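Visitor: The opening residue of the sequence shown carries number 1 in the UniProt record's numbering; numbering runs sequentially from there.
We treat Cβ as the ideally placed atom computed from N, Cα and C, and that holds for glycine.
From a predicted model like this one, the values you see are computed outputs, not experimental measurements.
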Amino acid sequence: MTVLKYLAAYPVHLQDQVRRLIAEERLGEYLEKRYPGRHDVQSDKALYAYTMDLKQQYLRNAPGIDKVLYDSKRDVLRNALGLHTAISRVQGGRLKAKKEIRVAALFREAAPEFLAMVVVHELAHLREFDHNKAFYQLCEHMLPGYHQLEFDLRVYLTWRELPGQDTRAGR
1 MTVLKYLAAY PVHLQDQVRR LIAEERLGEY LEKRYPGRHD VQSDKALYAY
51 TMDLKQQYLR NAPGIDKVLY DSKRDVLRNA LGLHTAISRV QGGRLKAKKE
101 IRVAALFREA APEFLAMVVV HELAHLREFD HNKAFYQLCE HMLPGYHQLE
151 FDLRVYLTWR ELPGQDTRAG R
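1. So, at 6 Å on beta carbons, what are the nonlocal neighbours of Tyr156 in its own chain, with the 5 sequence-adjacent residues on each side left out?
2. What span of residues does the beta strand (DSSP E) with Asp71 cover, start to end?
3. Are Leu14 and Leu21 close, meaning C-beta to C-beta below 8 Å?
4. Between which two residues does the alpha helix (DSSP H) carrying Phe129 extend?
5. Any idea what DSSP makes of Arg20, helix, strand or coil?
6. Can you tell which of Gly92, Leu59, Ala104 and Glu100 has the C-alpha that lies nearest to the C-alpha of Cys139?
7. Which residue from Glu113, Asn61, Ala23 and Ala46 puts its Cα closest to that of Tyr70?
8. Under the assumption that Val103 contacts Val119 (Cβ atoms under 8 Å), give the Cβ distance between them as a whole number of angstroms.
9. Indicate whether at least one CB of chain D lies closer than 8 Å to the CB of Val120.
10. Check each candidate in Tyr6, Ala111 and Ile65 and name the one with the smallest Cα separation from Arg38.
11. Just how far apart, CA to CA, sit Leu143 and Met117?
12. Within 10 angstroms of its Cβ, does Glu161 collect 16 or more other Cβ (buried), or is it exposed?
13. From this set, Val68, Pro36 and Asn61, which residue's C-alpha is nearest Ala49's C-alpha?
14. Using only alpha-carbon positions, find the residue among Leu115, Leu123 and Glu128 that is nearest to Tyr35.
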């Protein structure tokens, strides 16, 4: 039985459906059919603008973001797909916090829905620090269908790690 590390927390019947698609070599076809598009958000500057547009639309009163960038060092297994940090520094007699969002570089080539899901997830951390009910309600408010996208993103990551996949092409 294939171990599905990205889907381990999901019910067995969903894991079995993914295993069946893998066995039939149809997982890539499934993903391509559901998520055929590519986004144009390729530079850090474009990612910053994209993120700030979403923030302005849904989280106007949330703290500002100083930096948003693609991070090629983001390891999907050991770290997260994105990272929201607040770096505190002493400047004179004041404490200044810089907020950053880093998105794994693999999302340059992913479907636009997956990029949106990761950015929304990281933006939600501006309001809710923990992954609690309020956090996921905020994610769902900003991106209807968030939970399905999170599941499909995990399926995509599973597909990327299958033997013989050219992950540089994105699909």
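Guide: This is what the structure holds:
1. Leu31
2. Lys67 to Asp71
3. no
4. No alpha helix (DSSP H) contains Phe129, which DSSP labels as neither H nor E.
5. helix
6. Leu59
7. Ala46
8. 7 Å
9. As a matter of chain content, chain D is missing from the structure shown, which is built from one protein chain.
10. Ala111
11. 7 Å
12. exposed
13. Val68
14. Leu115
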